[in-house]
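Each step along the sequence shown adds one to the number in the UniProt record's numbering, with nothing skipped, and position 77 is 77.
Beta carbons: idealized from backbone N, C-alpha and C, even for Gly.
Keep in mind that this is a model prediction, so the values were computed, not measured.
These notes concern the structure reproduced below.
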Amino acid sequence: MTPLLVDAGIATRPLPGEASGACGDMGLLRPTANGLFAAMIDGLGHGVLAQAVAREACDHLNQVDPDAAMDLIMLSLQKKLRGGRGCVAALCRVNAADGLLEFCGLGDIVTRTLGATSKIIVPQDGIIGQVAPKPRVQQQVMAADSVLVMHSDGISSRIYSSELEWLLQGEPKAAAERLVATFGRDSDDAGCVVIRVRA
Ligand SMILES: [Mn+2]
């Protein structure tokens, strides 16, 4: 089987009017042995303190083995951030050889797939660093020509899949920027990661 093409893009922007310009929403992309590891992180609140915890989470996720078990990666993040301000995050890994998607999410990041199958992947409740359950990994197979989107609560969760079909077109980075520009709330930082899987 020919490997799938997996590419991705990130877009974030701070709360409109935030004097510091700091953004507590952060995305991360890393290559793995067979594909891509990605994270969407939302530091609690907004401004410099939210950015600091998101940065700490990002730095940690840049240092872990991106091919390690996903629940162990999440556990290590919980340990790293324990007792701090806290964040919510969704982690995923896509295997380009077979389309396998592994997902581990704690707290309010919306993750959805679009394409042949459109569905929302429900994360566990919690705040990383504060109150968080034992991480659980969910798996599904991503079909060719589908998209995975992970976005913070700075983007409305009340969007019909039919309103997002354009995410299947164009470059993921441009699609991510359009999602933030179109559906970003004026009351919070906004950010998303868009992952495209093609035949
Ligand atoms: Mn937020």
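Exercise for review: State yes or no: is the C-beta of residue 20 nearer than 7 angstroms to some heavy atom of ligand 1?
Suggested key: no
Practice item. Write down the C-beta distance between residue 53 and residue 23 rounded to the nearest angstrom, noting that I regard them as a contact closer than 8 angstroms. Key: Going by Cβ atoms, the distance from residue 53 to residue 23 rounds to 12 angstroms, so no, they are not a contact pair.
Exercise for review: Would you list the one or two residues that DSSP bridges to residue 26?
Suggested key: 41
Exercise for review: Can you tell me which of 174, 136, 18 and 90 puts its alpha carbon nearest to the alpha carbon of residue 28?
Suggested key: 90
Exercise for review: Whole angstroms is fine: what's the gap from residue 175's alpha carbon to residue 85's?
Suggested key: 31 angstroms
Check your understanding: If you pair each beta-carbon of the region 157-165 with each one of the region 124-132, do three or more pairs fall below 8 angstroms?
Key -> no
Practice item. Ignoring anything shorter than 3 residues or poking outside the region 139-167, list the beta strand (DSSP E) runs there in chain order. Key: 146-151
Practice item. Can you grab the Cα-Cα spacing for the pair residue 64 / residue 73, in whole Å? Key: 7 angstroms
Exercise for review: Just tell me which of 18, 99 and 43 has its CA closest to the CA of residue 25.
Suggested key: 43
**Study point:** Coil, strand or helix - residue 95 by DSSP
**Key:** strand
Practice item. Tell me, please, whether the region 98-105 touches the region 142-156 by the rule of three or more beta-carbon pairs shorter than 8 angstroms. Key: yes
Review point. Do residue 184 and residue 143 have their CB atoms nearer than 8 angstroms?
Key: no
Practice item. Compare the Cα-Cα distances from residue 13 to each of 182, 171 and 77 and report the closest residue. Key: 182
Exercise for review: Provide the residue(s) that pair with residue 190 in DSSP beta bridges, ordered along the chain.
Suggested key: 13
Review point. What do you reckon, are the CB atoms on residue 62 and residue 93 nearer than 8 angstroms?
Key: no
**Study point:** From 197, 16, 136 and 169, residue whose alpha carbon lies closest to that of residue 146
**Key:** 197
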